[in-house]
Amino acid sequence: MLSSSALSKFSYPGLYAYILAECRLELRGTDTYRTLEVLGPEHEFSVVDGNLKPLPIVNRIIKDVCGRIINFVEKGNFIFGKELQLHVMEVKPNRPFKSPEVFEKAMQRAVLTLLDLLEGKYGAYLLGTGMHPLLRLEETSVWPHRH
C-alpha cells in the first residue's frame, strides 16, 4: 500500500482521494469499526489495603494467575494487567461491545472476579482510580519488568 506522503505527490487530487478511499475500504475488516459503533474503554484501579495504602503487587497478582510475569492476562471476556506504577491495574474488555449494558455487566463481573482474588490472597481491594489521591512520590514503585 502506498503511504499518504507518496500518494500526495500525485498531481491529480481526485485520483489521490479515490486511491485513499479504496485503501481504507480494503483495510476495513472484521476488527475495524466506525467511530462510536462499539465500546471498549479501559479502567485503571489502584490496588490498596484496607487503609487505602497502595500495594505495589500487580506483578505478583499476574504471576499468581498465569504462573509468570507478563504485561496482560486474558481472563474470560476481559484483560487485566500492568500500568507504569506497580500498584495500578488496568482492566479492559478483550473485544469491543456494541451495547453499553452488556459492557457494564462484563466489566462488573471482571471487577468482582479480581476482587475475589485480591481479597482472598492479599487482603487487598480496588480503588476506582489509577491516580491514588494519597500516594507520595517517594513511595511509588514502577513496573520493574520488561514491557
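Per the numbering used here: the sequence shown = residues -14 to 132. Cβ atoms here follow ideal geometry from the backbone N, Cα and C, with glycine treated the same way.
| Query | Result |
| --- | --- |
| So the candidates are P78, L119, K77 and V73; which of them puts its Cα closest to the Cα of P41? | V73 |
| By DSSP's criteria, I64 is part of a beta bridge. Which residues make up the other side? | E59 and K77 |
| For S31, is the classification buried or exposed, using 16 other Cβ atoms within 10 angstroms of its Cβ as the cut-off for buried? | buried |
| For P26, count neighbouring Cβ atoms within 10 angstroms of its own Cβ and tell me buried if that reaches 16, exposed if not. | exposed |
| Could you give the residue range of the alpha helix (DSSP H) that holds E86? | P85 to Y107 |
| At the level of alpha carbons, what is the spacing between K77 and H28? | 6 Å |
| How about P85 and L24: do their beta carbons lie closer than 8 Å? | yes |
| Looking only at its chain, what residues have a beta carbon closer than 7 Å to the beta carbon of L12, apart from the 5 residues adjacent to it on each side? | Note that L12 scores a pLDDT of 46, beneath 50, so its modelled location is shaky; the value from the coordinates is reported in the next line. Hits under 7 Å: none found. |
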